[in-house]
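First the structure, in the form of structure tokens, and then the observations on it.
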Amino acid sequence: MGSSSKVVRPEEVLDSLKNDGTVDALRKKIIAQLKANEDMKKNTMMMVEQSKVLKTPGAEKKTKRELFDALRQELETPVLEKASKAVWELILDNAGLGKEINETVEKVYCRLSGIDSMPPPASTSSARQEKRTNMAIEEGEESKEMDASEPSSSSRKRSFTGAMQNGGAIYQHEEHEDGN
797 MGSSSKVVRP EEVLDSLKND GTVDALRKKI IAQLKANEDM KKNTMMMVEQ
847 SKVLKTPGAE KKTKRELFDA LRQELETPVL EKASKAVWEL ILDNAGLGKE
897 INETVEKVYC RLSGIDSMPP PASTSSARQE KRTNMAIEEG EESKEMDASE
947 PSSSSRKRSF TGAMQNGGAI YQHEEHEDGN
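Count along the sequence shown from 1, add 796, and you get the number used in this note's numbering.
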């Protein structure tokens with residue numbers, strides 16, 4: 797461990813990642829993986845094929861621009877919701893891009909704080925897996941309760957909040973019910 801360490805705020809880590817081009821590089825990797833996602837492509841194609849806009853009488857008489865605008869208005873939100881979910885899956889993946897993001901943030905944090913390296917706690921992976929399992933069970937129970945008490949469908953919004961705790965970067969993924 798380094799001889800001196802300083803307290804580093806999450807904003808400092810983020811600023812460093814932005815300034816050295818890391819955020820842009822990660823954004824490009826995420827976009828490349830989304831573009832390569834065959835399920836996303838198939839799902840989007842299916843949504844377009846089943847579009848009300850294209851099935852509306854007189855659609856064949858509209859200009860390409862009018863059709864495009866109408867399709868965007870109809871499909872933009874559901875397509876972006878699916879893309880958002882896919883991005884979160886990439887970010888939270890402990891084996892792929894998510895692991896790379898965590899390691900990169902940790903390296904920058906260590907560099908800024910003067911710490912040589914931070915070995916992960918021995919129980920980290922099993923504790924994370926147990927926490928995820930418990931969250932999944934709780935979400936399933938909450939979902940059942942919501943289904944029973946509220947017949948209308950509700951959308952889930954995800955937020956990703958970073959917290960610096962015990963000298964290391966710990967990320968929490970939260971799901972919130974939205975009444976829309």
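Backbone N, C-alpha and C fix where the C-beta goes; we use that ideal spot for every residue, glycine too. Bear in mind that the values here come from a model prediction, so they are computed numbers and not experimental data.
Spatial neighbours of Lys831 within its chain, please: CB distance less than 6 angstroms, with the 5 preceding and 5 following residues excluded, ordered by chain position.
none
Is it buried or exposed, Val803, if we count other Cβ atoms within 10 angstroms and call 16 or more buried?
exposed
Does Pro806 come out as helix, strand or coil in the three-state DSSP assignment?
Three-state DSSP puts Pro806 in a helix.
Would a C-beta distance cut-off of 8 angstroms place Leu876 and Gln829 closer than the cut-off?
no
Quick check on this structure: which residue in Pro874, Arg907, Ser801 has the alpha carbon closest to the alpha carbon of Met843?
Per the Cα distances, Pro874.
Is the separation between the beta-carbon of Ser812 and that of Ile911 shorter than 8 angstroms?
no
Would you mind stating whether Asn839 and Lys878 have Cβ atoms separated by less than 8 angstroms?
Closer than 8 angstroms, so yes.
Run the CB neighbour count on Ser909, radius 10 Å, all protein chains shown included, and call it buried at 16 or more, exposed below.
buried
Just the Cα atoms here: how many angstroms apart are Arg907 and Val901?
Their Cα atoms are separated by approximately 10 angstroms.
Starting from Asp835, follow the alpha helix (DSSP H) in both directions and report where the run begins and ends.
Its alpha helix (DSSP H) spans residues 834–845.
Using alpha carbons as the reference points, say which of Met836, Leu867, Ile827 lies closest to Gln846.
Leu867
Look up Asn890 in the DSSP assignment and say whether it is helix, strand or coil.
If DSSP states are grouped into helix, strand and coil, Asn890 belongs with coil.
May I ask you to report which of helix, strand or coil DSSP gives Ser880?
Helix.
Go through its chain and collect everything with a Cβ distance to Val849's Cβ below 6 angstroms, but skip five positions before and after it.
Ala866, Leu867, Glu870
Could you give the distance in angstroms between the alpha-carbon of Ser880 and the alpha-carbon of Ile827?
C-alpha separation (whole angstroms): 11 angstroms.
Taking the C-alpha atoms as reference points, what is the distance between Lys825 and Glu872?
22 angstroms
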